[in-house]
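Engineer: First the structure, which I've put down as C-alpha cells, then a few questions once you've had a look.
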Amino acid sequence: MDVADQLELLADLLELEGEASFRVLAYRKAATRIRETAGSVAELALSGRAKDLQGIGKTIEEKIVQVVEDGEMHALTKRKKIVPPEVVSFMRLPGLGPKTAARIWRELGVTTIDDLKRAAEQEQLRTLAGLGAKTEERILKALAEKKQEPSDRRLLGDGLCALLAVVSVLREHPATVKVSEAGSARRRKETFRDLDIIATAKDPEALIEYFTKLKWVIEVAAKGPTKATVLSNEGLRFDLRVVPPKSFGNLLQHFTGSKDHNVALRERAVKEGLSVSEYSITVVETGKELSYADEAKVYERLGYQFIPPELRENAGELEAARNGELPTLVDLDDIKGDLHSHTTYSDGRDSLERMALAARERGYQYLAVTDHPRGTLAEQNVEIDALNDRLKPFRILKGIEVNIRIDGSLSLPDDALAERDWVIASLHAAFDRNATERVLAAMDNPHVHMIGHLTARKINIRRPADVDVERVVEKAVETGTFLEINSQPNRLDLRDTHARLAGEAGVKIAVNTDAHQLSALQHIDMGVAQARRAWLTKDQVLNARSWPQIEKLRK
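Going left to right, the sequence shown walks through residues 639 to 1193 as our numbering numbers them.
Shown next, in the form of C-alpha cells:
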C-alpha cells in the first residue's frame, strides 16, 4: 500500500472512531496532494522538504518517513488492531456513513461483509435508531451488485512470461513433438487461475518426468502418465497435459476455451450431425471419428475460418468466422511508437535518454515522453531537442500528462498545453466524484489529444471509476479525442469490451505502455493482446501509424 493509500485508510479509520472532521479532512487532502505531485514525495519527506507541499505539515511528513523506513504509518498500525479490517468497507455502501458503520460494528458486533449481509437479511439493522427497512434493502442491493475480481486470480502479467518460458523449455526436450500454452492465458485474459500447457510427445512419461523436475518446481501437486500439476517458487500453478499427436489440434482447441465459445461451437455442430469432444469430431450418422493434429483443421471441418484465441469468448466470433468476416487483427509488429511514457523528469525511474534509446531499440519510430507537470518544462525541452538531433530519424515527442481535477479543469493552463506535441488528460484521484462529467469536460479542451487509462481501474486492487463509457465514446467521436488501451498489467484499461465499442464507433485507440521504467516498455505485448481481444485492426490503432500521419489526425 503506497503513502497516499495509507493516508486514505488512516482517515477512514479515524472517521470510524469519531475523530474530529478537520483531522480526517487533512489526511484526505494530503493523500490527494501526494497523488497529484510529480516525483517522489517519499524522497522529499526524507530530506525534510515534503512540508513545502501545500497541505502537508510536519506531522504528515513524519508519517511519510515512517512508511519509507518501517513500511507503515505507526498510527495506522495501531488503529488497524482496533478496527476490524472489513468495517472500513461498510462506509463505501450507500446510506452508511462512518457513524452508522461504527454503530453497526459496535452495537451489533458486525465485523465482516458476510455478517453485514446476514444482519440485513435477518432485519437486525432496523433495531438501531435511525435505520429502517429501506437501509437494509439498499445494503443488500449494493452487496448483490458489488463485483470484485476473484482473489484467487492473478494478473496475466504475473504469469505470462513464466508460462512462455516453460513452453520454450519443454519444446527443447528430445521427446517433444509440439507444445503450446492453452486456457485463459492463451486467450490473453487479464487474469488467470492456472497456467495450462498442452503438449504431444514421443515419450509422454519422459516429458512429464522432466516437467516435474524443473529447478523452479517446489511442489508436485499431481502426477500421472499423461498429465501433471506443479507449483512454482513464485506461487504459480502449472498444468501440463500430454496428448496423442493425432488429437493435438482437438485438445488445444478444447483447452483454450472459453467455455462459452466451446458450448456454442458444439451446439452448432450438433445441428449439422456432428459431435465435438476434446479428442475428436464424430460424424453421428456413420460413427466416424475425426482427429486433427492441427487446430486450424478443427475449425475448418466445422465450417469456420481459424479463430484467433483472443476472440474466443462467444461474442460474435463464430458467426463472423462462418461467414468469412473475421477482422485481420492488429499485431505487435504493427506498433510504430509509444504515446505514453514517463522519465525521471517526473515519477519515472529511468532517464529521458535511456527511455528513448530503449524505444528506438524496439524498432519504434517515436516515443512520446508525457511526464506529469513538475516546474518548468524548459530543461526537458532542451534535452529533447538535443537528443532528437542525435537520434534522428527517431523522434522524441514533447508530451505531457495532466490531471483532470474534480471540477473538470486541468492541472495546467491552456497556453502551456498548446506548446506540447501530445497532451494526455487522466483521472488520478477522487474517482468516485462525477468521473464521467470530468472526462467529458477534459475532452472539450482543444489541446487534449487523448484520455489516459479511462476508468483508472487497478485490477484486484481498485474498482474502475463509474464512467459512462458510451457517453465518453460519443464525445470522443464528436471532439476527435483519442482513447487509450493502457498496457500496464494491472490496468489494461480500456477493457476489451469498451475498446471494441470505441473502435466500432470510429474512435482511434492508442495502445501505450505508460512505462515508468525501461522494463515496462515490454508490456506493449499485453496491450496489443487486449486490442486483439477488442477485435481491433491495424487501422483502428492510432500508433500503428507514423507520427506525421498521427499529426494529421490530431485536433
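Note that CB positions come from ideal geometry on N, CA and C, so glycine has one too.
So is Pro788 buried or exposed if we call it buried at 16+ other beta carbons inside 10 Å?
Structural biologist: Since pLDDT at Pro788 reaches only 42, below the 50 mark, its modelled position is unreliable, and no value is offered.
Engineer: Among the residues of its own chain, which have a CB less than 6 angstroms from the CB of Lys1146, if the five just before and after it don't count?
Structural biologist: Hits under 6 angstroms: Phe1120, Leu1180.
Engineer: Using DSSP with H/G/I as helix, E/B as strand and the rest coil, what is Phe830?
Structural biologist: It is a strand residue.
Engineer: Express the C-alpha separation of Gly686 and Met1088 in angstroms, rounding to a whole number.
Structural biologist: Going from the Cα of Met1088 to the Cα of Gly686 covers about 36 angstroms.
Engineer: Go through its chain and collect everything with a Cβ distance to Val662's Cβ below 6 angstroms, but skip five positions before and after it.
Structural biologist: Once the five neighbours on either side are set aside, the close Cβ partners of Val662 are Ala649, Leu652, Glu653.
Engineer: Rounded to whole angstroms, what's the CA-CA distance from Lys689 to Ser659? Just pull it up for me.
Structural biologist: Rounded to the nearest angstrom, the two C-alpha atoms are 21 angstroms apart.
Engineer: Looking at the structure shown, is Gly975 part of a helix, part of a strand, or coil, going by DSSP?
Structural biologist: The answer is strand: DSSP assigns Gly975 an E or B state.
Engineer: With Leu1195 and Trp1173 assumed to form a contact (beta carbons below 8 angstroms), what rounded beta-carbon distance in angstroms separates them?
Structural biologist: Residue 1195 cannot be examined here, being either before or after the span of the chain that is shown, 639 to 1193.
Engineer: For the candidate residues Asp640, Ala934, Glu999, Arg1133, whose alpha-carbon lies nearest to that of Val706?
Structural biologist: That would be Asp640, whose Cα lies nearest to the Cα of Val706.
Engineer: Please report the distance separating the alpha-carbon of Tyr1004 from that of Met993.
Structural biologist: Roughly 11 angstroms between the two C-alpha positions.
Engineer: Give, in chain order, every unbroken run of the alpha helix (DSSP H) that is at least 4 residues long and sits entirely within the region 915–958.
Structural biologist: Listed in chain order, they are 933–939.
Engineer: In or out: Gln644 buried (at least 16 other Cβ within 10 Å) or exposed?
Structural biologist: Classification for Gln644: buried.
Engineer: So which of Asn1083, Ala680, Leu1029 has the shortest CA-CA distance to Ala996?
Structural biologist: If we check each option's Cα against that of Ala996, Leu1029 comes out closest.
Engineer: Distance, Cα to Cα, Arg741 vs Val1110?
Structural biologist: Taking the straight line joining both Cα atoms gives about 40 angstroms.
Engineer: Could you tell me the boundaries of the beta strand (DSSP E) in which Ala1143 lies?
Structural biologist: Per DSSP, Ala1143 belongs to no beta strand (DSSP E); it is in the alpha helix (DSSP H), 1134–1143.
Engineer: If we count the other Cβ atoms within 10 Å of its Cβ and call it buried at 16 or more, is His712 buried or exposed?
Structural biologist: It is exposed - the Cβ of His712 has fewer than 16 other Cβ atoms within 10 Å.
Engineer: Using the DSSP secondary-structure output, state which residues sit across from Lys865 in a beta bridge.
Structural biologist: DSSP lists Arg879 as partners of Lys865.
Engineer: Give the C-beta separation of Asp1131 and His1091 to the nearest angstrom, bearing in mind that I take them to be a contact with Cβ-Cβ under 8 angstroms.
Structural biologist: At roughly 5 angstroms, the Cβ-Cβ gap stays under 8 angstroms, so Asp1131 and His1091 are in contact.
Engineer: Just verifying my parser: in three-state terms, what is the DSSP assignment at Glu999?
Structural biologist: Of the three classes helix, strand and coil, the one that applies to Glu999 here is helix, per DSSP.
Engineer: Looking only at its chain, what residues have a beta carbon closer than 6 angstroms to the beta carbon of Pro842, apart from the 5 residues adjacent to it on each side?
Structural biologist: Closer than 6 angstroms at the Cβ level, and outside the excluded window around Pro842, lie Thr864, Val880.
Engineer: If you count every other CB in all the chains shown that lies within 10 Å of the CB of Gly975, and 16 or more means buried, which is it?
Structural biologist: Buried, since its Cβ has 16 or more Cβ neighbours within 10 Å.
Engineer: Only counting the same chain, and skipping five residues up and downstream in sequence, which positions put a Cβ closer than 6 angstroms to that of Ile1044?
Structural biologist: Closer than 6 angstroms at the Cβ level, and outside the excluded window around Ile1044, lie Ala1068, Arg1071.
Engineer: Taking its Cβ as the centre, do 16 or more other Cβ atoms sit within 10 Å of Ser984, making it buried, or is it exposed?
Structural biologist: Ser984 is buried by the Cβ-count criterion.
Engineer: Under the three-state reduction of DSSP, which class applies to Ala820: helix, strand or coil?
Structural biologist: Strand.
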